[in-house]
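Take the sequence shown: its letter number 50 is residue 83 in this note's numbering, and every next letter is one higher.
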Amino acid sequence: MAYLIDEQKLTKVYLKSYHTIGRYKFNVDSLIDQPGVSRHHAIIELSQDKWLIRDVSTNGIWINDKKIDKNLPYQLCENDKLDFAAPGQNSYVVANLSAQCQYLVSQTDDQQVIEVSDQLLLPNDENPTHIIYFDKMLNYWFLEDLNTSDRQALIDGGLLSAFNNQWVFYAAGTAAMTKHLDRLPNVKPCGLSFAVSQDEEATQLSVSLNGNTIDLGVRSHHYLLLLLARLRIQDKDNAVEQDQQGWIYREDLIKALGVQMNHMNIMVHRARKQLTEAGADEYPELGYLIETNNGKLRLNSQDITIIKGHKLETRMSI
34 MAYLIDEQKL TKVYLKSYHT IGRYKFNVDS LIDQPGVSRH HAIIELSQDK WLIRDVSTNG
94 IWINDKKIDK NLPYQLCEND KLDFAAPGQN SYVVANLSAQ CQYLVSQTDD QQVIEVSDQL
154 LLPNDENPTH IIYFDKMLNY WFLEDLNTSD RQALIDGGLL SAFNNQWVFY AAGTAAMTKH
214 LDRLPNVKPC GLSFAVSQDE EATQLSVSLN GNTIDLGVRS HHYLLLLLAR LRIQDKDNAV
274 EQDQQGWIYR EDLIKALGVQ MNHMNIMVHR ARKQLTEAGA DEYPELGYLI ETNNGKLRLN
334 SQDITIIKGH KLETRMSI
């Protein structure tokens with residue numbers, strides 16, 4: 034995370050990727066309501082992994098007791114001392130300039146901070162109600178309600194309501210979204226091989242793509258994928274049109290799994306996370322093997338083999 038320390042209040046001032054400072058409380062990110070401070074006094078922004086500050090004021094900015102030129106970017110360094118409007122006044126210290134960590138900051142207590150480096154279950158792993166995760170294809174962070182499956186895109190500096198509180202989301206290192214949120218990529222043809230025990234207590238999965246085989250091991254969420262695979266095969270055997278094959282409502286899937294809605298949604302996200310990490314930069318679309326549409330899910334594969342108890346249960350090929 035990136036932040037300054039207010040030397041007078043000894044509080045942190047968290048930085049957005051484009052952060053404004055000044056006396057105009059309705060249109061700046063950080064308010065300094067002091068004489069001599071301009072309505073718009075300074076702009077701090079992240080550019081090519083460097084934090085830059087520009088003086089756009091009347092009375093100037095001092096960095097380490099030296100006044101900087103107006104309207105010219107100056108690269109900040111950790112431990113720099115910033116004075117706004119006059120030397121030794123309205124002083125801040127640059128405490129951290131990381132650009133690779135996302136976090137939520139409480140609006141009621143700015144010392145209450147939740148760091149997000151990867152997929153995060155909230156308020157805790159034991160009894161989660163929400164999940165925050167990064168969508169690599171869309172290049173965007175999302176907050177999803179595990180009970181309703183509603184999700185909202187999180188933007189740098191955006192306000193959200195959760196857990197009886199208001200939060201600001203900071204994601205300075207994340208680029209802006211460049212693709213439409215509803216547009217999913219086509220998944221390259223890949224083969225899925227399931228090996229499920231006779232009692233269906235353990236399910237192993239491997240993925241074959243472009244001649245390479247990725248062993249994903251035994252995971253509890255693979256059973257969810259197995260159920261989706263069986264449904265896809267069943268629909269094909271029943272001559273259902275390809276674009277209609279394999280779809281199931283979330284409510285019907287939780288009945289088949291015998292779990293609650295939030296547990297099922299956690300399984301979906303864990304499956305997507307594992308597939309995305311397995312595909313890495315070479316096959317990022319693996320994270321989209323699970324398709325969703327209007328409360329329904331399906332497995333986006335037409336090459337599926339299921340082995341149960343060391344015997345072939347069924348097979349589907351393109």
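Just so you know, even glycine gets a beta-carbon here, dropped at the ideal spot from N, CA and C.
Between R305 and I323 the beta-carbon gap is near 6 Å, inside 8 Å, which marks them as a contact. Within the same chain, A289 come within 6 Å of L260 by CB-CB distance, once the 5 residues on both sides are set aside.
With a beta-carbon spacing of about 15 Å, A75 and D66 fall beyond the 8 Å limit used to define contacts. Linking N198 to V149 through their CA atoms gives a straight-line distance of about 17 Å.
The alpha carbon of G342 has as its nearest neighbour, out of L258, I147, Q237 and I165, the alpha carbon of Q237. In the structure shown, the three-state DSSP call for L179 is coil. DSSP, read as helix, strand or coil, puts V301 in helix. Spanning the alpha carbons of Q275 and K269 requires a straight line of approximately 7 Å.
DSSP, reduced to helix, strand and coil, places E274 outside both helices and strands of the structure shown, so it counts as coil. Under the three-state reduction of DSSP, K45 is assigned to strand.
Bounds of any alpha helix (DSSP H) do not take in A204, whose DSSP letter is neither H nor E. Contact between the segment 34-41 and the segment 127-147 is established, with three or more Cβ pairs separated by less than 8 Å. Taking every protein chain shown into account, the CB of A272 has fewer than 16 other CB atoms within 10 angstroms, so this residue is exposed.
Residue pairing by DSSP places K344 opposite K341 in a beta bridge. Under DSSP, D88 takes part in a beta bridge, and its partners are A75 and K103. For L105, the number of other beta carbons within 10 angstroms of its own is below 16, and it is reported as exposed. When DSSP states are grouped into helix, strand and coil, E148 belongs to the strand group. In the three-state reduction of the DSSP assignment, I287 falls in the helix class, which pools H, G and I. Annotated as proximal: I266 and I337, with beta-carbon spacing under 8 Å. Around the beta carbon of A262, 16 or more other beta carbons lie within 10 angstroms, which makes this residue buried.
Comparing alpha carbon positions, the residue from Y321, R252 and E310 closest to A228 is R252.
Each residue's CA atom was taken as its position, placing L85 and G279 some 51 Å apart. Short of 6 Å from the beta carbon of Q152, and not among the five residues preceding or following it, lie these beta carbons of its own chain, in chain order: Y166 and K306. If you look at Y36, you'll find it in the beta strand (DSSP E) that goes A35 to D39.
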